[in-house]
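Protein chains in written order, with the working numbering: chain H, 107 to 284; chain R, 5 to 366. Reviewing the structure listed below.
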């Protein structure tokens with residue numbers, strides 16, 4: 107039996123068109139029958155158009171997740187944009203390529219994309235074109251952007267939390283200042 | 005030539021409303037606020053990086069520590085994300101027990117925020133009273149789950165511990181005591197002239213701005229938006245339970261508080277139904293084979309929608325675990341709420357979004 111998946115057919119068709127081919131689209135449901143639609147956009151520049159479509163339909167941006175794909179020893183970044191409309195989740199995924207990762211900002215369309223985009227700039231060093239306020243969000247300017255692109259061992263990551271290294275460094279810095 | 009009439013005023017980073025750090029840069033004209041900018045990141049813990057170095061089961065413990073007041077919502081939603089990605093269906097009893105823990109936490113969280121509002125206003129006796137009533141909910145948590153904050157109730161595939169029949173009776177008997185007390189509290193927040201004078205019409209977030217900024221939870225519902233994940237895309241036992249989505253059109257601090265207090269009564273309704281309807285049976289489903297996939301899950305925490313996204317690979321550690329907490333969406337609304345208010349209102353308005361800095365920054 108064909109399972110009926112919730113969502114707006116016209117919107118799903120339009121977003122499938124933006125994705126280029128039906129192979130780049132799939133639909134899923136959870137154990138409670140809530141629907142999730144996944145669209146893979148061929149180029150980052152298609153994002154603005156697809157996001158504008160969702161904006162027009164009255165969707166709300168829920169979250170933006172950036173991540174690294176480690177495949178064939180080539181580091182590629184992808185960003186998944188999660189939108190909600192009438193209880194249904196629409197996910198748009200864009201692949202950034204590896205040379206100069208950049209993506210258009212959707213903050214002009216969705217005001218609440220602001221923090222998400224600033225966060226992926228600082229954590230993944232992704233260039234967001236046309237962001238109205240590209241300041242750091244949480245991390246200090248002193249830290250290099252893209253900290254989540256690096257493979258940091260857990261023991262190093264937790265130095266500050268479970269050893270005296272951090273305090274010794276601070277005391278040393280203070281000594282240098284005096 | 006006119007001299008500039010505005011000047012910059014820093015506020016924070018500590019103890020603006022709660023004992024959590026956030027730094028406001030206010031542009032003030034006399035004592036009237038014209039512009040608000042905020043700096044955060046003081047308690048950034050890098051939890052998303054930690055999550056990708058722990059296995060799926062260890063991450064249940066980690067995500068429960070994202071936030072204190074809505075700790076249960078995080079492990080709940082994280083477990084749902086893992087169940088979605090691996091195709092696990094949890095047993096009916098677990099669905100009810102998860103909802104029950106969630107609603108007990110919601111009552112305690114809403115009462116805490118309400119109490120802090122009285123504290124900021126300077127109504128100390130009311131603060132003490134609300135906290136005392138909340139203490140009964142803390143007793144429920146301690147008696148049933150063995151802990152006052154982190155219940156450690158959720159696990160992948162269901163819930164860790166079954167709840168005994170005598171505990172259901174105990175919960176019902178406690179609710180009979182808490183409910184009339186909260187009814188009195190709601191009456192005070194709805195009618196006391198001193199509280200109304202301080203909170204009604206303050207910190208306005210008009211409906212249009214609430215939609216534009218995508219705010220969630222009681223902040224959205226206090227501005228007339230009827231979003232509630234429990235109704236919009238029901239999960240766990242919510243499709244089988246009766247409750248109403250509360251909303252108000254006041255758009256002010258008081259209307260957000262009353263949304264929370266009304267929601268407490270809906271939570272009582274839900275907890276009672278869970279105690280009565282909870283089916284017998286197992287409380288966990290077995291784990292499935294881990295395979296590369298992606299999934300998301302969301303739920304309605306006390307502060308609004310929590311959203312989790314997970315990518316798995318062939319290992320037992322997630323390739324990426326990303327989550328967004330409700331406060332993350334609500335901070336920007338402070339710029340709208342505080343415009344043309346006085347400096348003395350900052351703490352009160354900040355508290356009205358029920359902020360959680362630690363979970364915003366992770």
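Cβ coordinates follow ideal geometry from the N, Cα and C atoms, glycine included. If you're wondering where the values come from, they're calculated on a predicted model, not measured in any experiment.
Shortest Cα-Cα distance from residue 119 (chain R) to any of R:137, R:108, R:106 involves R:137. In the structure shown, residue 127 (chain H) adopts coil according to DSSP, grouped into three states.
Contacts with chain R (Cβ-Cβ distance below 7 Å) from the segment 116-127 of chain H involve no residue at all. Shown here for residue 208 (chain H): same chain residues with a beta carbon closer than 6 Å to its own, the five before and five after excluded, namely 233, 235 in chain order. With contacts defined by Cβ atoms closer than 9 Å, residue 114 (chain H) and residue 167 (chain H) do not form a contacting pair. As a beta-bridge residue in DSSP terms, residue 288 (chain R) pairs with R:162. Interface residue (Cβ-Cβ distance to chain H less than 9 Å): residue 362 (chain R) is not classified as such. By the neighbour-count criterion, in which a residue is buried when 16 or more other Cβ atoms sit within 10 angstroms of its Cβ, residue 278 (chain H) is exposed. If you draw a straight line from the Cα of residue 337 (chain R) to the Cα of residue 221 (chain H), it comes to about 12 Å.
Of all residues in the segment 68-92 of chain R, those with a C-beta nearer than 9 Å to a C-beta of chain H are 84, 87, 88, 91, 92, reading in chain order. With fewer than 16 other Cβ atoms from the protein chains shown falling within 10 Å of its own Cβ, residue 169 (chain R) counts as exposed. Residue R:15 holds the alpha-carbon nearest to the alpha-carbon of residue 351 (chain R) among R:10, R:9, R:15. Between residue 193 (chain H) and the set H:133, H:276, H:112, H:202, the nearest pair of CA atoms involves H:112. In this structure the segment 316-327 of chain R lies against the segment 57-70 of chain R, because at least three pairs of beta carbons, one per stretch, are closer than 8 Å. Taking CB atoms only, residue 190 (chain H) has a neighbour in chain R less than 9 Å away. Residue-level contact by beta carbon fails for residue 249 (chain R) and chain H, as no gap is shorter than 9 Å.
In terms of CA proximity to residue 254 (chain R), R:263 leads the group R:236, R:243, R:263, R:190.
Under the DSSP definition of a beta bridge, residue 149 (chain R) lacks any partner. Contact with chain H is absent for residue 343 (chain R), since none of that chain's Cβ atoms lies less than 9 Å from the residue's Cβ. Burial state of residue 187 (chain R) is exposed, judged by a 10 Å Cβ sphere holding fewer than 16 other Cβ atoms. Counting only Cβ-Cβ distances below 9 Å, residue 326 (chain R) has contacts in chain H at 169, 170, 171, 172, 173, 186, in chain order. As the crow flies, the alpha-carbon of residue 169 (chain H) is around 18 Å from that of residue 88 (chain R). Three or more beta-carbon pairs drawn from the segment 331-347 of chain R and the segment 219-239 of chain R are found closer than 8 Å, and the two stretches are therefore classed as touching.
Runs of beta strand (DSSP E) with 3 or more residues, each lying fully within the segment 223-266 of chain H, are found at 233-235, listed in chain order. Selection R:309, R:361, R:18 evaluated against residue 110 (chain R) yields R:309 as nearest (Cα-Cα). With at least 16 other beta carbons inside 10 angstroms of its own, residue 136 (chain H) counts as buried.
Sorting R:175, R:318, R:292, R:211 by C-alpha distance to the C-alpha of residue 272 (chain R) places R:175 at the top. For the segment 250-270 of chain R, there are no residues whose beta carbon sits under 7 Å from a beta carbon of chain H. Of all residues in the segment 285-307 of chain R, those with a C-beta nearer than 8 Å to a C-beta of chain H are 298, 299, 300, 301, 302, reading in chain order. Sequence-ordered contacts of the segment 193-208 of chain H with chain R read 193, 194, 195, 197, 199 [C-beta pairs closer than 9 Å].
Taking the CA atoms as reference points, residue 345 (chain R) sits about 37 Å from residue 152 (chain R).
Residue 343 (chain R) and residue 103 (chain R) have their C-alpha atoms some 38 Å from each other. Here the segment 298-306 of chain R lies against the segment 80-95 of chain R, with 3 or more beta-carbon pairs under 8 Å apart. Boundaries for residue 192 (chain H): no alpha helix (DSSP H) harbours it, and the DSSP string shows neither H nor E there. If only complete runs of 4 or more residues are kept, the segment 48-87 of chain R shows the alpha helix (DSSP H) at 51-55, 60-68, in order along the chain. DSSP places residue 305 (chain R) in the strand class (E or B) of the three-state scheme.
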